[in-house]
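For the protein sequence lines, the chains are A and B, in the order given.
Sequential numbering of the first sequence, starting at 717, is according to the working numbering.
Sequential numbering of the second sequence, starting at 467, is according to the working numbering.
In this text, a Cβ means the ideal position worked out from N, Cα and C, and glycines have one as well.
Predicted model only: the values in this text are computed from it and were never measured.
A short worksheet on the structure shown next.
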Amino acid sequence: AQTVTQSQPEMSVQEAETVTLSCTYDTSENNYYLFWYKQPPSRQMILVIRQEAYKQQNATENRFSVNFQKAAKSFSLKISDSQLGDTAMYFCAFMKPYNNNDMRFGAGTRLTVKP
Amino acid sequence: NAGVTQTPKFRILKIGQSMTLQCTQDMNHNYMYWYRQDPGMGLKLIYYSVGAGITDKGEVPNGYNVSRSTTEDFPLRLELAAPSQTSVYFCASSDRVNTEAFFGQGTRLTVV
């Protein structure tokens, strides 16, 4: 079974600075997807960024980028120019596609952006 | 486009009561899921469905049942509520090709 580990329960960053959230996973699969989801106090789960394991290039979405290290099974999220609205829980997730597409989540990192 | 809609948003149950959490999606997705999120934890998969008439257990299925009679609806049934089922429940859907999962707003359930 796949497991996802987020080793940082809480982090904080000053507004406009950069922060990196860590995620490691364990799998014997070669083809899979990795995700970062954001959960603000509203409880809504919002997709931040997605990475396909077969792609060597790291995914980027505006201020959000990942450092995907397939051999090390590491998938960190970098948030640049942090904004107050980035304050939320962030979950790393693993999916093996084309089967049932179910995702396995890490325990989450609570990020606080300070003014 | 409503996406994934869950009802109710909040519910308090007494031990031993039963209830159904409703979930419907209007994106014609084949795959639907129920997750629970305990305080300070990630989401754990309860049940999933890959299409109408097909359901299967996830990581934590005990105490729950599901059905999938239509593509749109995927209700979750709690038959004999227990305090251990106090949690926030999320329904989600995705299609086979586009792997992004869309989540409902969640249902906060308290069993007392």
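**Asked** For chain B, is any of its Cβ atoms less than 8 angstroms away from the one on residue 760 (chain A)?
**Response** Locating residue 760 (chain A) in the first sequence gives position 44, counting from the first residue. Yes - at least one Cβ of chain B is within 8 angstroms of the one on residue 760 (chain A).
**Prompt:** What are the start and end residues of the beta strand (DSSP E) that includes residue 513 (chain B)?
**Reply:** To locate residue 513 (chain B), count along the second sequence from 1; it is residue 47. Residues 509-517.
**Prompt:** Could you give the distance in angstroms between the alpha-carbon of residue 476 (chain B) and the alpha-carbon of residue 574 (chain B)?
**Reply:** For the purposes of this step, residue 476 (chain B) is taken as the residue at position 10 of the second sequence. For the purposes of this step, residue 574 (chain B) is taken as the residue at position 108 of the second sequence. Rounded to whole angstroms, residue 476 (chain B) to residue 574 (chain B) spans 5 angstroms at the Cα level.
**Message:** If the cut-off is 7 angstroms on Cβ atoms, which residues from the region 479-508 of chain B count as contacting chain A, listed in chain order?
**Reply:** Per Cβ criterion, the list reads 497, 499, 507 and 508.
**Prompt:** With a Cβ-Cβ cutoff of 8 angstroms, do residue 530 (chain B) and residue 514 (chain B) count as a contact?
**Reply:** The residue you call residue 530 (chain B) lines up with position 64 of the second sequence. The residue you call residue 514 (chain B) lines up with position 48 of the second sequence. Here residue 530 (chain B) is not near residue 514 (chain B), since their CB atoms are 8 angstroms or more apart.
**Close-in-space but distant-in-sequence residues of the same chain around residue 824 (chain A) (CB under 7 angstroms, 5 per side omitted)** = Position 108 of the first sequence, counting from 1, holds the residue named residue 824 (chain A). So the qualifying residues of the chain are 722, 805, 806 and 807.
**Message:** Taking 7 angstroms as the limit between beta carbons, can you name the residues of its chain near residue 754 (chain A), skipping five residues before and five after?
**Reply:** As a first step, residue 754 (chain A) must be located in the first sequence, where it is residue number 38. Cβ neighbours of residue 754 (chain A) beyond the five flanking positions: 762, 764, 804 and 806.
**Asked** With distances taken between CB atoms, is the gap from residue 737 (chain A) to residue 718 (chain A) smaller than 8 angstroms?
**Response** Along the first sequence, one-based indexing puts residue 737 (chain A) at 21. Along the first sequence, one-based indexing puts residue 718 (chain A) at 2. Not a contact, by the Cβ cut-off of 8 angstroms.
**Asked** With distances taken from CA atoms, which of A:831, A:830 and A:826 is nearest residue 508 (chain B)?
**Response** Within the second sequence, the letter at position 42 stands for residue 508 (chain B). The option with the nearest alpha carbon to residue 508 (chain B) is A:826.
**Message:** Just verifying my parser: in three-state terms, what is the DSSP assignment at residue 546 (chain B)?
**Reply:** The residue labelled residue 546 (chain B) in the question sits at position 80 within the second sequence. Coil, per DSSP.
**Asked** In the region 750-777 of chain A, which residues sit with their C-beta less than 9 angstroms from some C-beta in chain B, listed in chain order?
**Response** Residues passing the 9 angstroms Cβ filter: 751, 753, 755, 758, 759, 760, 761, 762, 763, 766 and 768.
**Under 9 angstroms (Cβ pairs) to chain B, residues found in the region 807-829 of chain A** = 807, 808, 809, 811, 813, 814, 815, 816, 817, 818, 819, 820, 821, 822, 823, 824 and 826
**Prompt:** Under a three-way DSSP split, which group does residue 571 (chain B) fall into?
**Reply:** To locate residue 571 (chain B), count along the second sequence from 1; it is residue 105. Coil at residue 571 (chain B), not helix or strand.
**Request:** Take residue 557 (chain B) as the anchor and find which of B:528, B:547 and B:486 has the nearest alpha-carbon.
**Result:** The count along the second sequence starts at 1 and reaches residue 557 (chain B) at position 91. If we check each option's Cα against that of residue 557 (chain B), B:486 comes out closest.
**Prompt:** Between residue 567 (chain B) and chain A, is there a C-beta pair that is closer than 8 angstroms?
**Reply:** Counting from one through the second sequence, the residue named residue 567 (chain B) turns up at place 101. It does: the Cβ of residue 567 (chain B) has a partner Cβ on chain A nearer than 8 angstroms.
**Request:** For residue 530 (chain B), decide whether its Cβ has a neighbour in chain A, counting only Cβ atoms nearer than 8 angstroms.
**Result:** Looking up residue 530 (chain B) in the second sequence gives position 64. Residue 530 (chain B) does not count as touching chain A.
**Request:** Please confirm if residue 554 (chain B) has its CB atom under 8 angstroms from at least one CB of chain A.
**Result:** The residue labelled residue 554 (chain B) in the question sits at position 88 within the second sequence. A Cβ of chain A is located within less than 8 angstroms of the beta carbon of residue 554 (chain B).
**Prompt:** What in chain A is Cβ-close to residue 469 (chain B), meaning under 7 angstroms?
**Reply:** Here the question's residue 469 (chain B) lines up with position 3 in the second sequence. The premise fails here: residue 469 (chain B) is roughly 10 angstroms from chain A at the closest Cβ pair, so nothing lies under 7 angstroms.
**Asked** residue 720 (chain A) bridges to which residues according to DSSP?
**Response** Here residue 720 (chain A) refers to the residue found at position 4 when the first sequence is read from its first residue. Partner(s): A:741.
**Message:** Under DSSP, the beta strand (DSSP E) around residue 783 (chain A) begins and ends at which residues?
**Reply:** Counting from one through the first sequence, the residue named residue 783 (chain A) turns up at place 67. Start and end: 780-785.
**Asked** What residue does the beta strand (DSSP E) around residue 481 (chain B) start on, and which one ends it?
**Response** As a working note, residue 481 (chain B) is residue 15 in the second sequence. Residue 481 (chain B) -> no beta strand (DSSP E), and no H or E assigned at all.
**Item:** For residue 534 (chain B), the nearest candidate out of B:471, B:568, B:473 and B:490 (CA to CA)
**Value:** Taking the second sequence and counting its residues from 1, one reaches residue 534 (chain B) at position 68. Ranking the options by Cα distance to residue 534 (chain B), first place goes to B:490.
**Asked** Closest Cβ-Cβ distance between residue 524 (chain B) and chain A: below 8 angstroms?
**Response** Taking the first residue of the second sequence as 1, we reach residue 524 (chain B) at position 58. So, interface residue.
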